[in-house]
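Per this note's numbering, residue 103 is the first one in the sequence shown, and the count goes up by one each step.
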Amino acid sequence: MTDADLREARERMVEGLVSGGRISDERVADALRAVPRHAFVPEGKRDAAYADRPLPIGDGQTISAPHMVAVMAELLDVDAGDRVLEIGTGCGYHAAVTAELGAEVYSIEFEPRLAREARERLDRLGYDVRVREGDGHEGWPEHAPYDAAYLTCAAGEFPEAVVEQVRPGGTLLAPLSDGVGQTLVEATPRADGSLDRESHGGVRFVEMRGG
103 MTDADLREAR ERMVEGLVSG GRISDERVAD ALRAVPRHAF VPEGKRDAAY
153 ADRPLPIGDG QTISAPHMVA VMAELLDVDA GDRVLEIGTG CGYHAAVTAE
203 LGAEVYSIEF EPRLAREARE RLDRLGYDVR VREGDGHEGW PEHAPYDAAY
253 LTCAAGEFPE AVVEQVRPGG TLLAPLSDGV GQTLVEATPR ADGSLDRESH
303 GGVRFVEMRG G
């Protein structure tokens with residue numbers, strides 16, 4: 103596909119998500135328009151880069167479907183300058199969308215190759231996203247407190263360290279697994295350390311590693 107073909111495919115993807123009710127926030131639509139998803143998928147998958155479905159990126163990991171990235175971006179509702187922690191960099195696409203919304207993104211990836219390649223890719227594309235290899239269960243305390251944190255992988259519960267690193271009144275977002283299925287859960291930390299929770303339906307993500 104030519105660059106023009108890819109731009110047209112990206113625009114069709116976004117318009118389909120808007121018309122289908124997957125995106126209601128124009129800022130999120132603009133962020134998806136701005137990020138070249140084809141640059142984040144393996145070369146052999148680029149013809150499918152703007153299909154609304156997850157794609158394999160190696161090491162048993164996937165790039166999330168665009169509609170899921172959009173849903174999570176709208177729920178996070180970040181403002182310009184917000185400090186955001188991402189657990190599970192993967193190929194870096196979700197972090198790039200979050201950065202397009204004006205956030206200062208700190209991202210942790212468990213798999214060394216993915217961390218290295220995502221860092222290089224984001225740098226090459228001009229995204230100022232900090233990426234490091236590590237266990238997401240530990241968060242990234244050096245840059246806390248965060249205004250928001252989200253997981254791109256399913257866990258049994260919000261990692262305790264990540265919860266502690268998000269300011270009271272901030273936002274946590276993760277696919278949580280009960281051993282049978284997964285539910286996308288949004289939570290707001292209170293000053294006493296407890297969480298106000300809201301569920302947003304069933305989802306399917308790769309399982310979180312480490313711990």
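Glycine included, C-beta positions come from ideal geometry on N, C-alpha and C. In this text, all values refer to a predicted model and were calculated from it rather than measured experimentally.
> Excluding the five sequence neighbours on either side, which residues of its own chain have a C-beta within less than 8 Å of the C-beta of residue 259, listed in chain order?
Replying inline: In the sequence shown, the residue the question calls residue 259 occupies position 157. In the same chain as residue 259, and ignoring 5 residues on each side of it, the C-beta atoms closer than 8 Å to its own belong to 278, in chain order.
> Closest to residue 80 by CA distance: which of 177, 285, 201 is it?
Replying inline: Since the displayed the chain opens at 103 and closes at 313, residue 80 lies outside it and no answer follows.
>> So, with DSSP's three-state summary, where would you put residue 271?
In response: Taking the sequence shown and counting its residues from 1, the one referred to as residue 271 is at position 169. Residue 271: strand per DSSP, three-state reduction.
> Can you list, in chain order, the residues of its chain whose CB lies under 7 Å from that of residue 156, leaving out five sequence neighbours each side?
Replying inline: Indexing the sequence shown from 1 puts residue 156 at position 54. The beta carbon of residue 156 sits closer than 7 Å to the beta carbons of 164, 165, 166, 167 from its chain, once the five residues preceding and following it are set aside; these are given in chain order.
>> With distance defined between alpha-carbon atoms, name the residue in 246, 250, 191 nearest to residue 237.
In response: Sequence index remark: in the sequence shown, residue 237 carries index 135 (1-based). Out of 246, 250, 191, 191 has the C-alpha closest to the C-alpha of residue 237.
>> Helix, strand or coil, according to DSSP, for residue 200 in the structure here?
In response: The sequence position of residue 200 within the sequence shown is 98, counting from 1. Residue state, collapsed to three classes: helix.
> Among the residues of its own chain, which have a CB less than 6 Å from the CB of residue 300, if the five just before and after it don't count?
Replying inline: Taking the first residue of the sequence shown as position 1, residue 300 is located at position 198. So the qualifying residues of the chain are 288.
>> Mapping the DSSP letters down to three states, classify residue 185 as helix, strand or coil.
In response: Position 83 of the sequence shown, counted from the start, is the residue given in the question as residue 185. Strand, per DSSP.
> Taking the alpha helix (DSSP H) that residue 136 falls in, what are its first and last residues?
Replying inline: Taking the sequence shown and counting its residues from 1, one reaches residue 136 at position 34. That run of the alpha helix (DSSP H) goes 128–136.
> Is residue 259 helix, strand or coil when you go by DSSP?
Replying inline: Mapped onto the sequence shown, residue 259 falls at position 157. Three-state DSSP puts residue 259 in coil, outside helix and strand.
> What are the start and end residues of the alpha helix (DSSP H) that includes residue 118?
Replying inline: For the purposes of this step, residue 118 is taken as residue 16 along the sequence shown, with counting starting at 1. Segment 105–121, the alpha helix (DSSP H) holding residue 118.
> Can the beta-carbon of residue 199 be found less than 8 Å from the beta-carbon of residue 171?
Replying inline: If you number the sequence shown from 1, residue 199 lands on position 97. If you number the sequence shown from 1, residue 171 lands on position 69. Between residue 199 and residue 171, the C-beta gap is smaller than 8 Å, which places the two residues in contact.
> Who are the Cβ neighbours of residue 120 in its own chain at under 7 Å, not counting the five residues just before and after it?
Replying inline: As a first step, residue 120 is located in the sequence shown; it is residue number 18 there, counting from the start. For residue 120, same chain residues with a beta-carbon under 7 Å away, outside a window of 5 residues either side, are 131 in chain order.
>> Alpha carbons only, please: which of 280, 275, 158, 297 is nearest the one belonging to residue 175?
In response: In the sequence shown, counting from the first residue as 1, residue 175 sits at position 73. Among 280, 275, 158, 297, the Cα nearest to that of residue 175 is on 275.
>> Among 210, 223, 217, whose alpha-carbon lies nearest the alpha-carbon of residue 137?
In response: One-based indexing of the sequence shown puts residue 137 at position 35. Looking at the Cα atoms, 223 is the closest of the given residues.
> Can you give, in chain order, each stretch of the alpha helix (DSSP H) that sits fully within the segment 142–175 and has at least 4 residues?
Replying inline: Entirely contained in the segment 142–175, not one alpha helix (DSSP H) run reaches 4 residues.
> Under three-state DSSP, which class holds residue 294?
Replying inline: Indexing the sequence shown from 1 puts residue 294 at position 192. Note: residue 294 maps to coil in three-state DSSP.
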